[in-house]
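Reviewing the structure listed below.
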Ligand code: TYM
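Residue numbers (my numbering): 21 to 356.
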């Protein structure tokens, strides 16, 4: 009976890079949605360590951050018994399918990826082939599991589109091998912006530490960062085009409190930005505190985390290997 219910559930897959502690942007744009969707869907979530090495990583730090990120998957409320939670490099099928998909992705379409353009303008001394081929690995992550939906923030939409193109192209040649996945991008939270330069997305690699909230920031640090958030001189809590700073704060508040913009405007009518910033900080603190507390309890239990990761990888591999085998057969690889 339980098995049958699983089969009726639609499947979602998503992943996050362990290149530093996630930000409030990762949390509201992706992680919170993952946790919210988990009961309804058959879930696969990965720590994307293979993606992380497209920019140079310190080996010891990468190792530490990979386990931290895994612990965070549990801390946000995912359940290692119900959901398939794994570390990408533990399932070699990801690298194997990525190579094959590289041969079905076009140089021209890969060259148009804005993330590649952005990153290659930042890491000018290391524009490696992996950074360029990154979307083919991401396509492999998704297509291996025949995912129906992929919950991501707006910045990953283009990668989802290329995944769909690659899947459709492959299916066009060999028959229906891959499910063509749909992006799932939340209405609110899809793009959380920097607190210091609200024209740019909030990012953990930002040099200005005041520009982003880390998911494990302490309450006083969160309060300070919001108090110094860049807004404008109008001092009216109203969502309107061009007011990127206040719009961003309203978006954050809306995600945390589940209120729409109209309700927020009413709540803060006649009150200044100062009050509002404190209220946003408070809402974020309340949202993140339980996650931090669960994380602190989990991170010292390395044996438990490793056991979950091992089981997660085994579960993931059962599905991944089936898809890879089918792909290899279709392509015409000799099997003995
Ligand atoms: P990554 O690790 O950069 O980010 C993880 C998730 O967080 C979302 N996100 C944001 N959402 C709203 N506002 C922001 N400022 C913000 N910053 C990040 C991202 O959209 C993402 O959903 N390539 C992916 C990881 C990946 C993946 C996959 C995702 C690898 N394989 C397969 C989906 C399916 C990435 O670098 O995300």
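Glycine residues also receive a C-beta, built at the ideal position from the N, C-alpha and C atoms. On a predicted model such as this, the values are computed, not experimentally measured, just so you know.
Beyond the five residues adjoining it in sequence on each side, residue 189 comes within less than 6 Å, by CB distance, of 124 in the same chain, given in chain order. Boundaries of the alpha helix (DSSP H) around residue 149: 149-163. For the pair residue 109 and residue 69, the CB atoms are nearer than the 7 Å cut-off.
Relative to residue 212, the option among 29, 39, 150, 49 whose CA is nearest is 49. For residue 242, the CB contacts under 8 Å within the same chain, skipping 5 residues up- and downstream, are 233, 301, 304, 305, 308 in chain order.
A Cβ-Cβ contact shorter than 7 Å links residue 42 with residue 235. 293 is the residue among 283, 273, 293, 278 whose C-alpha sits nearest the C-alpha of residue 257.
According to DSSP, residue pairing for residue 66 in a beta bridge involves 35, 106.
The C-beta of residue 81 has fewer than 16 other C-beta atoms within 10 Å across all chains shown, which makes the residue exposed. Residue 170 places its beta carbon less than 7 Å from that of residue 34. In the DSSP annotation of this structure, the continuous segment of the beta strand (DSSP E) that includes residue 170 starts and ends at 169-171.
Around the Cβ of residue 329, a 10 Å sphere holds 16 or more other Cβ atoms; the residue is buried. When DSSP assignments are scanned along the stretch 113-151, the uninterrupted stretches of alpha helix (DSSP H) that are 4 or more residues long and fall wholly within it turn out to be 113-122, 127-131, 134-142. For residue 202, the uninterrupted beta strand (DSSP E) run begins and ends at 202-204, by DSSP.
With a 10 Å radius around the Cβ and a threshold of 16 neighbouring Cβ atoms, residue 154 comes out buried. Within the same chain, 273, 287 come within 8 Å of residue 279 by CB-CB distance, once the 5 residues on both sides are set aside. Taking a C-beta distance under 7 Å as the contact criterion, residue 150 and residue 53 do not qualify as a contact pair. Burial state of residue 237 is buried, judged by a 10 Å Cβ sphere holding 16 or more other Cβ atoms. Excluding residues up to 5 positions away in sequence, 31, 33, 64, 336, 339, 340, 343 lie with their Cβ nearer than 8 Å to the Cβ of residue 165 in the same chain. Looking at the DSSP output, residue 234 bridges to 43. Under a 10 Å Cβ-count criterion, residue 106 is classified as buried, with 16 or more other Cβ atoms of the shown protein chains found around its own Cβ. As DSSP reads the structure, residue 213 sits in a beta bridge with 221. It is roughly 15 Å from the alpha-carbon of residue 130 to the alpha-carbon of residue 160. For residue 56, the enclosing alpha helix (DSSP H) covers residues 52-57. Looking from the CA of residue 91, the closest CA among 51, 115, 74, 59 belongs to 51.
A straight line joining the alpha-carbon of residue 275 with that of residue 346 spans about 41 Å.
Excluding sequence positions up to five before and after residue 173, its CB lies within less than 6 Å of the CB of 49, 50, 210, all in the same chain and listed in chain order. Taken through DSSP and simplified to helix, strand or coil, residue 263 comes out as coil. Taking 7 Å as the cut-off, the beta carbon of residue 146 is found no closer than this to the beta carbon of residue 102. If you draw a 10 Å sphere on the C-beta of residue 229, you find fewer than 16 other C-beta atoms in it, and that means exposed.
Distances from the CB of residue 254 to the heavy atoms of the ligand TYM are all 6 Å or more.
Less than 7 Å separates the beta-carbon of residue 186 from that of residue 121.
Under the three-state reduction of DSSP output, residue 300 falls in the helix class.
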